[in-house]
Amino acid sequence: MNRYDVIIIGSGLGSLLCGYILSKEGFSVCILEKHSVPGGCLQSFRRGENSFDTGIHYIGSMLPGQTLHSYWKYFGLSQSLELEQMNKDCFDLISLDGSEFKLAQGFDHFTETLAGQFPASREFLGQYVSALKETVSAFPLYNFQLTDKHTKTAWMGTINSAWRLSHGSTQITDHLIEYISAAGGRVVTGREVKKISSLKNKFQVETAGHEMFVAGRIIAGIHPRSAIGILEPSLLKRSFQSRILSMENTVSSFGLYLGLKPGSFPYLDYNLYYHATRDAWAGQECKTEQWPGMYFMYTPSGSRHGEFTSALCILSTMCFEEVKRWEGTSTGKRGPDYKKFKSGYAEKLLKLVERKFPEIRSSINDMEISTPLTWRDYTGTPEGSMYGIRKESGNYIKTMILPHTKIPGFYFTGQNLNMHGAPGVTIGAIMTCDEILGLEYLFNKIRDAE
Ligand SMILES: Cc1cc2nc3c(=O)[nH]c(=O)nc-3n(C[C@H](O)[C@H](O)[C@H](O)COP(=O)(O)OP(=O)(O)OC[C@H]3O[C@@H](n4cnc5c(N)ncnc54)[C@H](O)[C@@H]3O)c2cc1C
11 MNRYDVIIIG SGLGSLLCGY ILSKEGFSVC ILEKHSVPGG CLQSFRRGEN SFDTGIHYIG
71 SMLPGQTLHS YWKYFGLSQS LELEQMNKDC FDLISLDGSE FKLAQGFDHF TETLAGQFPA
131 SREFLGQYVS ALKETVSAFP LYNFQLTDKH TKTAWMGTIN SAWRLSHGST QITDHLIEYI
191 SAAGGRVVTG REVKKISSLK NKFQVETAGH EMFVAGRIIA GIHPRSAIGI LEPSLLKRSF
251 QSRILSMENT VSSFGLYLGL KPGSFPYLDY NLYYHATRDA WAGQECKTEQ WPGMYFMYTP
311 SGSRHGEFTS ALCILSTMCF EEVKRWEGTS TGKRGPDYKK FKSGYAEKLL KLVERKFPEI
371 RSSINDMEIS TPLTWRDYTG TPEGSMYGIR KESGNYIKTM ILPHTKIPGF YFTGQNLNMH
431 GAPGVTIGAI MTCDEILGLE YLFNKIRDAE
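Here it is, written out as structure tokens:
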């Protein structure tokens, strides 16, 4: 009963896109997800009338002809997603120590808007945009070019055009699962994969409930560190294992999900990146005493009521060490000290928010709080890391994860492979399926998609 051509572990964006491609190509596919809700960072959750996205809350390059639109047309996403274009004059507002800078959509508009604030730097801004375009053109997969090089990556294209997903990112999950199921594939939730072992040229997969699955190929859409933890040791080379274990992860986050009183807070058709100092990178590494050094704020698109919002999401970066003492606990059973920690840090974050929005506290109806442990437990990412393995731009090879491994038939996909985010993970899924179907064949299908 549980025999498939391909078993995919985890149901994040990368896994679902691989499931879509392979089901479309006639492979029997089964996706095993440990959580009761599929989607990983695509999950949304409801509190009262409000729905909050957890990970993906805005995407870029979704105008016809732009890169993500061209890729997602193949998946039927460009045609079916309900999107809301963000403010064309300012999709990201960057606040540095009280000074504000607007990032506008479209390369020319982006340059002109910033040149308005920095007239002496107009020429430099032009050079910056040219350098961005040159960099993008150097990545073959971004431009649908065949390549056998592994230095393939993608670039976040929000300067091209920036969009919110109306009604949240679960739209993506629902669409992809509907297709996979209609094509005969399965997406099974509540099945944590605990062990992968070899079985006569195939793989045997065992879940936490001792259910057995067999497949000729495995795609791990989970963090490589989690994957090596469930692979039978005899399948693993020690050098590969120690390389993966030595890789650092990106920082985690601490979040406030606020339900607001009617008519009390404006709907923002842009994101706000607020930095306490002029150093935009300082906030990331902030430890206890200085925390929080920054926050990111957005109003979910479904929360709009005329000019106002009924919901607000505020995220700050947070290192896992802050919650390490509770790492052995599970959701809802972390004890009173943890509750005190959460409310104390929520206070600190609200204090920073008050600098720009002095009335914020009187607007709050209810508040949900997430910490790095929430992330770890809901997405299965070690240390609750937001974007997985930290890539080193100066030494890309050092942190590069390839889609194929030394284990024949065992592949990786997801944000650790290539880059995080919608375009990075999409191109990662193409890289993974390239190993099975071939890139030229796949590109022809993607180009032909209506
Ligand atoms: C706070 C935050 C904000 C973000 N904002 C944006 C944004 O605005 N735009 C954007 O493009 N990107 C954004 N990103 C990045 C984006 O969400 C991710 O890069 C992407 O969704 C990751 O997809 P993935 O395929 O790697 O899988 P993940 O989303 O990491 O999912 C992995 C899945 O595997 C499951 N799993 C783990 N272990 C097992 C196991 N043993 N057995 C079975 N299942 C298992 C997990 O439960 C999870 O469902 C954001 C990320 C974060 C954290």
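Residue numbers (this note's numbering): 11 to 460.
Beta carbons are placed, not taken as given, at the ideal position from N, Cα and C, and that holds for glycine.
Note that the coordinates shown come from a computational prediction; the quantities given were computed from them, not determined experimentally.
Practice task
Under 8 Å Cβ to Cβ from T298, same chain only, skipping five residues before and after it: list those, please.
Solution key: E332
Problem - Collapsed DSSP secondary structure at W301 in the structure displayed - result: coil
Practice task
Compute the minimum distance between the beta carbon of Q425 and the heavy atoms of ligand 1, and state whether it is under 7 Å.
Solution key: yes
Handout entry: Reduced DSSP secondary structure (H/G/I, E/B, other) of R56
Key = strand
Problem - Proximity below 8 Å, CB of R235 to CB of I206 - result: no
Exercise for the section: Alpha carbon to alpha carbon, how far is M222 from L278? Give it in angstroms, no decimals. Expected result: 48 Å
Exercise for the section: Could you check the C-alpha separation between I411 and P418 for me, to the nearest Å? Expected result: 16 Å
Exercise for the section: Report whether the distance from the Cβ of Y397 to the nearest heavy atom of ligand 1 is below 7 Å. Expected result: yes
Exercise for the section: Counting only the same chain and skipping the five closest in sequence on each side, list residues whose C-beta sits under 6 Å from that of L241. Expected result: I206
Practice task
Could you tell me which residues DSSP pairs with W291 in its beta bridges?
Solution key: In DSSP, W291 forms no bridge with anything.
Exercise for the section: For F134, count neighbouring C-beta atoms within 10 Å of its own C-beta (all shown protein chains included) and say buried if the count is 16 or more, exposed if not. Expected result: exposed
Handout entry: For E378 and T341, the rounded distance between their alpha carbons
Key = 13 Å
Practice task
From the DSSP output, in three-state form, read off D444 for me.
Solution key: helix
Handout entry: Heavy atom of ligand 1 within 7 Å of L461 beta-carbon
Key = Nothing about residue 461 can be reported from this structure: the residues present for the chain run from 11 to 460 only.
Handout entry: Distance between G36 and V16 (C-alpha atoms, nearest Å)
Key = 11 Å
Exercise for the section: Determine, using beta carbons only, whether G29 and G50 come nearer to each other than 8 Å. Expected result: no
Practice task
Please report how far the alpha carbon of G219 lies from the alpha carbon of R201, in whole angstroms.
Solution key: 7 Å
Exercise for the section: Return the chain-ordered list of same chain residues with a C-beta closer than 8 Å to the C-beta of K204, the five sequence neighbours on each side being excluded. Expected result: E216, T217, A218, I240
Handout entry: T327 and G273 closer than 8 Å at C-beta
Key = no
Practice task
Quick one: using the 10 Å Cβ neighbour count with 16 as the cut-off for buried, is E364 buried or exposed?
Solution key: exposed
Exercise for the section: Taking only the alpha-carbon atoms, compute the straight-line gap between R227 and F149 and give it to the nearest angstrom. Expected result: 28 Å
Exercise for the section: Please go through the same chain and pick out, in chain order, the residues whose beta-carbon is closer than 6 Å to the beta-carbon of I69, but skip the five residues on each side of it. Expected result: W173, A432
Problem - Pairwise C-alpha distance: F101 and D118 - result: 15 Å
Practice task
Reducing DSSP to helix, strand and coil, say where F264 ends up.
Solution key: strand
Exercise for the section: My understanding is that G58 touches S179, with C-beta atoms under 8 Å, so please give their C-beta distance in whole angstroms. Expected result: Actually they are not in contact, since the Cβ atoms of G58 and S179 sit about 19 Å apart, beyond 8 Å.
Problem - Identified DSSP bridge partners for D464 - result: Only positions 11 to 460 of the chain appear in the structure, and residue 464 is not among them; the question remains open.
Problem - CB-CB length for G24 against V435, believed under 8 Å - result: 5 Å
Exercise for the section: Could you tell me how far apart the beta carbons of F154 and F453 are, in whole angstroms, since I believe they sit closer than 8 Å? Expected result: 6 Å
Problem - For S33 and G194, believed in contact at Cβ under 8 Å, the rounded distance - result: 7 Å
Practice task
Check whether the Cβ of S340 sits closer than 7 Å to any heavy atom of ligand 1, and report yes or no.
Solution key: no
Exercise for the section: Could you tell me if E393 is buried or exposed, where buried requires 16 or more neighbouring beta carbons within 10 angstroms of its beta carbon? Expected result: buried
Practice task
Report the rounded CA-to-CA distance for D458 versus P74, giving the unit in angstroms.
Solution key: 14 Å
Exercise for the section: Label L427 either buried or exposed according to how many other C-beta atoms from any shown protein chain fall within 10 Å of its C-beta, with 16 as the threshold for buried. Expected result: buried
Handout entry: CB contact flag (M304, A321, <8 Å)
Key = no
Practice task
Please classify N405: is it buried, with 16 or more other beta-carbons within 10 angstroms of its beta-carbon, or exposed?
Solution key: exposed
Practice task
Could you tell me whether any non-hydrogen atom of ligand 1 is closer than 7 Å to the CB of S236?
Solution key: yes
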